[in-house]
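Visitor: Here it is: the structure, laid out below.
2 protein chains.
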Amino acid sequence: MPLVETIASRKVSLKLRASTFFKELQETICAAIEGVDGQSKFTIDRWTHPHGGGGDTRIIENGGVLEKGGVNFSDVSGQLSERLARRLKVKPEHFRATGISLVLHPYNPMIPTVHCNLRYLELENEDRWFGGGMDLTPYYLNEQDVIHFHSTLKKACDKHDSSYYPRFKKWCDEYFFIKHRSEGRGVGGIFFDDLREKPEETFSFVQDIGNTFLEAYIPIVNNRRKDRWGDAERQWQLHRRGRYAEFNLVYDRGTLFGLETEGRVESILMSLPPAVQWKYNVQPKPDSPEVKLLEALKTPKDWL
Amino acid sequence: MPLVETIASRKVSLKLRASTFFKELQETICAAIEGVDGQSKFTIDRWTHPHGGGGDTRIIENGGVLEKGGVNFSDVSGQLSERLARRLKVKPEHFRATGISLVLHPYNPMIPTVHCNLRYLELENEDRWFGGGMDLTPYYLNEQDVIHFHSTLKKACDKHDSSYYPRFKKWCDEYFFIKHRSEGRGVGGIFFDDLREKPEETFSFVQDIGNTFLEAYIPIVNNRRKDRWGDAERQWQLHRRGRYAEFNLVYDRGTLFGLETEGRVESILMSLPPAVQWKYNVQPKPDSPEVKLLEALKTPKDWL
Chain A
840 MPLVETIASR KVSLKLRAST FFKELQETIC AAIEGVDGQS KFTIDRWTHP HGGGGDTRII
900 ENGGVLEKGG VNFSDVSGQL SERLARRLKV KPEHFRATGI SLVLHPYNPM IPTVHCNLRY
960 LELENEDRWF GGGMDLTPYY LNEQDVIHFH STLKKACDKH DSSYYPRFKK WCDEYFFIKH
1020 RSEGRGVGGI FFDDLREKPE ETFSFVQDIG NTFLEAYIPI VNNRRKDRWG DAERQWQLHR
1080 RGRYAEFNLV YDRGTLFGLE TEGRVESILM SLPPAVQWKY NVQPKPDSPE VKLLEALKTP
1140 KDWL
Chain B
840 MPLVETIASR KVSLKLRAST FFKELQETIC AAIEGVDGQS KFTIDRWTHP HGGGGDTRII
900 ENGGVLEKGG VNFSDVSGQL SERLARRLKV KPEHFRATGI SLVLHPYNPM IPTVHCNLRY
960 LELENEDRWF GGGMDLTPYY LNEQDVIHFH STLKKACDKH DSSYYPRFKK WCDEYFFIKH
1020 RSEGRGVGGI FFDDLREKPE ETFSFVQDIG NTFLEAYIPI VNNRRKDRWG DAERQWQLHR
1080 RGRYAEFNLV YDRGTLFGLE TEGRVESILM SLPPAVQWKY NVQPKPDSPE VKLLEALKTP
1140 KDWL
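First to last, the protein sequences are chains A and B. Residue numbers for the first sequence follow this note's numbering, so the first one is 840 and each next one is one higher. Residue numbers for the second sequence follow this note's numbering, so the first one is 840 and each next one is one higher.
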């Protein structure tokens, strides 16, 4: 675990090292995204949490590639409500949480939306765990892109434990499932939570996942950014973004956790797409690329 | 109660009479809305529920006045899950539900969005109750419109019980509150639920509320439809519609009830706005009409 050793000695708390890593990762990712976007810059919005700590929300809008993107760092503390503690299956204690959360919504419907979140939580009673993951939501299915994304994640997982990728890939498919639509939010990636064992090794894994984000996503952007699209593709993208909003507002634990712990609403909901349409009963034409996507979202696939 | 007596004798079940009334109300309202819209007609989409019964969803899109509107009738049965029964504070029995639910989203940001829902539920054990209401969501505040809406509702309530309007007005303000934004979804109206006492009188009240919908809303449409608007007003409308989607997907009981009982998703989510924007941290200019609306949504007002 060279990174851990470099950042700090074991004397520095895991929480502080995790927080430092997430903050540095935010800087790295934002700089790289600005480079790829080529037009807009991130605005910086620093904020404090009413119950302690705060965060730094970076937003990019109306870019050359990105219609809207947010890369949010936070390091907050507070009190878990009874209800929330029950859901997390922990005691309703004082908590500290630090993490990075990003969502990128490109203009070009040929470029998928991406989401990545890494977080560390600890309670007063010394219970502590990591969670997070990364997943891709295409509007049009390009299997090569999906395979690139998954194989990059698998490589990062395999460095630590060969059981990670299959386990976390399955978890991702199950987590990002829009029950009322009977379809996945996207083509998955990895998702993990409640990682309590071997905290130092887990932290090293979490860092590798964070550090692999740019390698997993940026080549897809560069492969697709010149792809042509018109009004029909835009309409489909706006329609599919409705599903994204439905998932985040109805099911997403992170969103509901944030809203229930009186988190900073604008930072939590920066994940929502910039523009969305809900038309009645949209049905794409048979054998169209739109139907090809829907088929892929119906049942989780083994992409590798 | 002349209407009750006309529709059917007491031998016909309350459920059947309620269902008949809601269906006829749907026809009346759709015909009137088509007249006001002047351009589009409702499409009719009849469907069956997997657990019994079905419905008739009427949708109007791309109209002269309406960007999207839905008037949904349903008469379904099913089994309440343990979880849902707990939330409704009833036993997890077989249920029957019939109702009408409508949401109209006009193009012109000067015309408010309106929502109305009336419903009757009964359980195997003979427990039965009515619920419903009607509320207004403006993008720009016109106090005369709001006063007209509330006074029309008060008049209909007062025919039955002078305690209804103040009680149901307060209930509406409390129900349509977006907790994470600390603001009302709109300027309210009335909301009521669990009305179990005196079912015949309550049915008569519910019919009067249904029959007053056109009088409450159509004059507002006609007052505002010639009001001028441009891109700035459209942007604000799209932004505020984001709040509407947030409320419906995070808090609305009817929406969550429908999704959890495997209701027909397209009919339930027809309430979502046709087009929505989520930009980061939108802050209107001081002393603008946009700020005037936000002020009105912060604290419930006594409009009459």
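Just so it is clear, CB atoms sit at the ideal spot from N, CA and C, and this is done for glycine as well. Here the structure is a predicted model, which is why all the values come from computation and not from measurement.
So, using beta-carbon positions, are F861(A) and T937(A) closer together than 7 Å?
Guide: yes
Visitor: Go through its chain and collect everything with a Cβ distance to G893(B)'s Cβ below 6 Å, but skip five positions before and after it.
Guide: W886, T887
Visitor: Closest to T976(B) by CA distance: which of L1143(B), H989(B), E900(B), V875(B) is it?
Guide: H989(B)
Visitor: I'd like to know whether the C-beta atoms of G909(A) and D876(A) end up nearer to each other than 7 Å.
Guide: no
Visitor: Please list the partners that P1113(A) has in chain B, where partner means a Cβ-to-Cβ separation under 7 Å.
Guide: Q1116, W1117, K1118
Visitor: Throw me the rounded Cβ distance for the L1088(A) and L1077(B) pair, which I believe falls under 8 Å.
Guide: The pair is not a contact, with the Cβ atoms about 17 Å apart (cut-off 8 Å).
Visitor: Leaving out five residues on either side along the sequence, give the residues of the same chain with a beta carbon under 6 Å from the beta carbon of D1126(B).
Guide: none
Visitor: List the endpoints of the continuous beta strand (DSSP E) containing S1106(B).
Guide: No beta strand (DSSP E) holds S1106(B); the alpha helix (DSSP H) holding it covers 1104 to 1107.
Visitor: Given a cut-off of 7 Å on the beta-carbon distance, is the pair L864(B) and L905(B) in contact?
Guide: no
Visitor: Can you confirm whether L962(A), when its beta carbon is compared against all beta carbons of chain B, has any partner nearer than 7 Å?
Guide: no
Visitor: Give a yes or no on whether 7 Å exceeds the smallest Cβ distance from L1088(B) to chain A.
Guide: yes
Visitor: Can you check whether the C-beta of V929(A) is within less than 7 Å of a C-beta belonging to chain B?
Guide: no
Visitor: Does M949(A) get closer than 7 Å to chain B when you measure Cβ to Cβ?
Guide: no
Visitor: Tell me the DSSP bridge mates of P945(A)?
Guide: L905(A)
Visitor: By DSSP's criteria, W968(B) is part of a beta bridge. Which residues make up the other side?
Guide: L960(B)
Visitor: Which residues of chain A have a Cβ atom closer than 9 Å to the Cβ of E1022(B), listed in chain order?
Guide: Ordered by position in chain A, no residue passes the 9 Å Cβ test against E1022(B), which lies about 11 Å from the chain.
Visitor: Residues in the region 898 to 931 of chain B with C-beta within 9 Å of chain A's C-beta atoms, listed in sequence order?
Guide: I898, E900, K907, G909
Visitor: Taking the alpha helix (DSSP H) that L1053(B) falls in, what are its first and last residues?
Guide: 1052 to 1063
Visitor: Quick one: which unbroken beta strand (DSSP E) runs of 3-plus residues sit fully inside the region 1081 to 1136 of chain B? Chain order, please.
Guide: 1114 to 1116
Visitor: Can you look up V910(B) in the DSSP assignment and give me helix, strand or coil?
Guide: strand
Visitor: Show which residues of chain A have a CB atom less than 9 Å away from the CB atom of M1109(B).
Guide: Here the neighbours are W1117, Y1119, N1120.
Visitor: Please list, in chain order, all residues of the same chain as E844(B) whose beta carbon is under 6 Å from its beta carbon, the five residues on each side excluded.
Guide: Residue confidence for E844(B) is low, a pLDDT of 49 falling below 50, so the modelled location carries little weight; the figure read from the coordinates is stated next. Same-chain partners within the cutoff: there are none.
Visitor: What residues in the region 1008 to 1033 of chain B bring their beta carbon closer than 7 Å to a beta carbon of chain A?
Guide: H1019, R1020
Visitor: Specify the secondary structure class of Q878(B) as computed by DSSP and reduced to three states.
Guide: coil
Visitor: So, at 6 Å on beta carbons, what are the nonlocal neighbours of D895(B) in its own chain, with the 5 sequence-adjacent residues on each side left out?
Guide: R885, F912
Visitor: Per DSSP, what kind of secondary structure is G892(A) in: helix, strand or coil?
Guide: Secondary structure of G892(A) (DSSP, three-state): strand.
Visitor: Regarding R1103(A) and the ligand MG, is the C-beta to nearest heavy atom distance less than 6 Å?
Guide: This structure does not include the ligand MG; it has no bound ligands of any sort.
Visitor: By alpha-carbon positions, which one of L941(B), N947(B), P951(B), E963(B) ends up nearest to L957(B)?
Guide: L941(B)
Visitor: Starting from I986(A), follow the alpha helix (DSSP H) in both directions and report where the run begins and ends.
Guide: 982 to 997
Visitor: If I'm right that P1112(B) touches Y1090(B) with Cβ under 8 Å, what's the distance once you round it to whole angstroms?
Guide: Rounded, the Cβ-Cβ distance is 16 Å, inconsistent with contact.
Visitor: Specify the secondary structure class of G1025(A) as computed by DSSP and reduced to three states.
Guide: coil
Visitor: If you count every other CB in all the chains shown that lies within 10 Å of the CB of N964(A), and 16 or more means buried, which is it?
Guide: exposed
Visitor: According to DSSP, is I868(A) part of a helix, a strand, or is it coil?
Guide: helix
Visitor: If V1104(A) and H1019(B) are in contact, beta carbons under 8 Å, what's the gap, nearest whole angstrom?
Guide: 5 Å
Visitor: Give a yes or no on whether the minimum CB-CB distance between L1098(B) and chain A is below 7 Å.
Guide: So yes, L1098(B) belongs to the interface.
Visitor: According to DSSP, is I1048(B) helix, strand or coil?
Guide: helix
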